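**Q** Per full-length UniProt numbering, the sequence shown starts with residue 1, numbered consecutively.
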Amino acid sequence: MTPISPKQSKSFRTSNPEADSAIDRTIPDFPAAQIPDEDKYFKTHKPPSYLGEISEQVSEFIEHHKKVTGKKVVLVTSGGTTVPLENNTVRFIDNFSAGTRGATSAEYFLENDYAVIFLHREFSLLPYSRHYSHTTNCFLDYMTEVNNKVEINPDFADQMLVVLRKYNDAKTSKSLLLVPFTTVNQYLYTLRTISELLQSLDSKALFYLAAAVSDFFLPQSRLPQHKIQSQATGKLIVDLEQVPKFLSRLVDNWAPSAMIVSFKLETDSSILIKKAKSALDRYQHQLVIGNLLQTRKKEVVFVTPDGKENWITLTNEQIDQDVEIESLIIPEVIKEHKSWVTNHDRK
Ligand code: PAZ
1 MTPISPKQSK
11 SFRTSNPEAD
21 SAIDRTIPDF
31 PAAQIPDEDK
41 YFKTHKPPSY
51 LGEISEQVSE
61 FIEHHKKVTG
71 KKVVLVTSGG
81 TTVPLENNTV
91 RFIDNFSAGT
101 RGATSAEYFL
111 ENDYAVIFLH
121 REFSLLPYSR
131 HYSHTTNCFL
141 DYMTEVNNKV
151 EINPDFADQM
161 LVVLRKYNDA
171 KTSKSLLLVP
181 FTTVNQYLYT
191 LRTISELLQS
201 LDSKALFYLA
211 AAVSDFFLPQ
221 SRLPQHKIQS
231 QATGKLIVDL
241 EQVPKFLSRL
251 VDNWAPSAMI
261 VSFKLETDSS
271 ILIKKAKSAL
281 DRYQHQLVIG
291 NLLQTRKKEV
301 VFVTPDGKEN
311 WITLTNEQID
321 QDVEIESLII
331 PEVIKEHKSW
341 VTNHDRK
């Protein structure tokens, strides 16, 4: 038998249209391709004017740790985004987040030899300064006058020395980069820029998304330029759109090799686990840390794609000793990241 050459084995060419049915008026019009909401968002919203500057700083930071220290890099997001109701913003919608989770977690990542990009709501809590900036004391309460000179009040000096040393370590090793946002638009653009830059670190990049990001927003196309006038409007009715779900873009396109940890906040304990699991199903990332508004400082739950739930709860003794729950969360996250990197290297 004459062997059939690969060339002869097919009687058709997919590049040739089928002439008979090329024009078939019985078939309804094919709808124009819809662009996904996330892409539409970036086409219809302007980036912040300073984004180029942030991009340069982040690139430099990543290159430094790639070439000089070899550290893994974590992007910690922290604090709440705002939704402006006016372009020259007098009024905006905000949320409760103070940035405690993010700022505290960043310190434990730094202690565990990670380099940290801290994407935070401007003027929310920062690593290290958080110990002093938002307490009920005025910062001058930490000082005292001795022989016409200002000194640290001895009641605080020992603890301050510990914090100061850690802060100086982070500074001298260039391991902490602070990147601010205020609005949800600034947050989304900055998150995208940083994520794309982190691609060069492959699996050594970790995302720890603790920021409280607005679910609803007012599109730029409908944002009044000036302060809304109460005489003109009478009642104020605000018609908000849903913020597109960017986590799928992050997982699939912006940082496909990185490990991604998101947080899920609820106030109703009966839906927390269900919501965490549906986030994992929907976005296909690696870990959701669930927490309730009421108990978030003493209890969290790790939910993983295999359906497991691992609760971390501070004991009463730990609470009395001021143990921070982030000191228990971060080593667990790091363990997961380590096996993520190992599995990735094997592939
Ligand atoms: O900032 P904070 O310490 O007051 O609160 C932290 C938190 C509850 C905002 C965080 O742990 C969290 O759950 N962030 C994600 C919120 C969400 O989008 O569901």
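Even glycine gets a Cβ: it sits at the ideal position worked out from N, Cα and C. Keep in mind that this is a model prediction, so the values were computed, not measured.
According to DSSP, is F109 helix, strand or coil?
**A** Counted from its first residue, the sequence shown places residue 109 at position 109. DSSP places F109 in the helix class (H, G or I) of the three-state scheme.
**Q** Determine the burial state of E241: buried for a count of at least 16 other Cβ atoms within 10 Å of its Cβ, exposed for fewer.
**A** Residue numbering aside, residue 241 sits at position 241 when the sequence shown is read from its first letter. Answer is exposed; the Cβ neighbour count stays below 16.
**Q** Just confirm the distance between the C-beta atoms of Y283 and L247, as a whole number of angstroms; I'd bet it's less than 8 Å.
**A** As a working note, residue 283 is residue 283 in the sequence shown. As a working note, residue 247 is residue 247 in the sequence shown. Going by Cβ atoms, the distance from Y283 to L247 rounds to 4 Å, so yes, they are a contact pair.
**Q** DSSP on P154, reduced to helix/strand/coil?
**A** As a working mapping, residue 154 is identified with position 154 in the sequence shown. P154 falls in the helix class under three-state DSSP.
**Q** Please determine whether the Cβ atom of G307 lies at a distance below 7 Å from any heavy atom of the ligand PAZ.
**A** Position 307 of the sequence shown holds residue 307. Result no, Cβ not under 7 Å from the ligand PAZ.
**Q** What three-state label does DSSP hand E332 in the structure shown?
**A** Locating residue 332 in the sequence shown gives position 332, counting from the first residue. Helix.
**Q** Could you spell out the range, first to last residue, of the beta strand (DSSP E) harbouring S78?
**A** Start at 1 with the first residue of the sequence shown, and residue 78 comes out as number 78. Where S78 is concerned, the enclosing beta strand (DSSP E) stretches over V73 to S78.
**Q** Counting pairs of beta carbons, one from the region 99-106 and one from the region 313-323, are three or more of them closer than 8 Å?
**A** no
**Q** Taking Cβ positions, are V76 and V116 nearer each other than 8 Å?
**A** Locating residue 76 in the sequence shown gives position 76, where the first residue counts as 1. Locating residue 116 in the sequence shown gives position 116, where the first residue counts as 1. For V76 and V116, yes; Cβs fall inside 8 Å.
**Q** Can you find the residues in the same chain that come closer than 7 Å, C-beta to C-beta, to R192, ignoring five residues on each side of it along the sequence?
**A** Here the question's residue 192 lines up with position 192 in the sequence shown. Cβ neighbours of R192 beyond the five flanking positions: W254.
**Q** Please return the same chain residues whose Cβ sits closer than 6 Å to the Cβ of W311, not counting the five positions on each side in sequence.
**A** In the sequence shown, the residue the question calls residue 311 occupies position 311. Sequence-distant Cβ neighbours of W311 in its own chain, meaning closer than 6 Å and more than five residues away, are V301.
**Q** Between which two residues does the beta strand (DSSP E) carrying A115 extend?
**A** By 1-based counting over the sequence shown, the position of residue 115 is 115. Per DSSP, A115 belongs to the beta strand (DSSP E) from A115 to R121.
**Q** Check whether the region 78-90 and the region 51-70 touch, using three or more Cβ-Cβ pairs below 8 Å as the test.
**A** With a cut-off of 8 Å, the region 51-70 and the region 78-90 do not count as touching, because too few Cβ pairs lie within range.
**Q** Return the chain-ordered list of same chain residues with a C-beta closer than 6 Å to the C-beta of H285, the five sequence neighbours on each side being excluded.
**A** The count along the sequence shown starts at 1 and reaches residue 285 at position 285. Same-chain partners within the cutoff: V251 and I260.
**Q** Here's a check: name, in chain order, each residue in its chain whose Cβ is nearer than 7 Å to the Cβ of S262, leaving out the five neighbours to either side.
**A** As a working mapping, residue 262 is identified with position 262 in the sequence shown. Taken in chain order, the residues that qualify are L209, L247, A279, H285 and V288.
**Q** Considering only DSSP beta bridges, list what W311 is partnered with.
**A** As a first step, residue 311 is located in the sequence shown; it is residue number 311 there, counting from the start. DSSP lists V301 as partners of W311.
**Q** Confirm, please, whether the CB-CB distance from L292 to L272 is below 8 Å.
**A** Residue mapping note: residue 272 aligns to position 272 of the sequence shown, counting from 1. Residue mapping note: residue 292 aligns to position 292 of the sequence shown, counting from 1. It is a contact, given that the beta carbons lie within the stated cut-off.
**Q** Assuming H344 and S195 make a contact with CB atoms under 8 Å, what is their CB distance in whole Å?
**A** In the sequence shown, counting from the first residue as 1, residue 344 sits at position 344. In the sequence shown, counting from the first residue as 1, residue 195 sits at position 195. Contact doesn't hold; Cβ gap of about 17 Å is too wide.
**Q** Identify whether A210 lies in helix, strand or coil by the three-state DSSP scheme.
**A** Residue 210 sits at position 210 when you count from the first residue of the sequence shown. Coil, per DSSP.
**Q** Hey, V150 and M143: beta-carbon distance below 8 Å or not?
**A** Position 150 of the sequence shown, counted from the start, is the residue given in the question as residue 150. Position 143 of the sequence shown, counted from the start, is the residue given in the question as residue 143. Yes, they are a contact pair.
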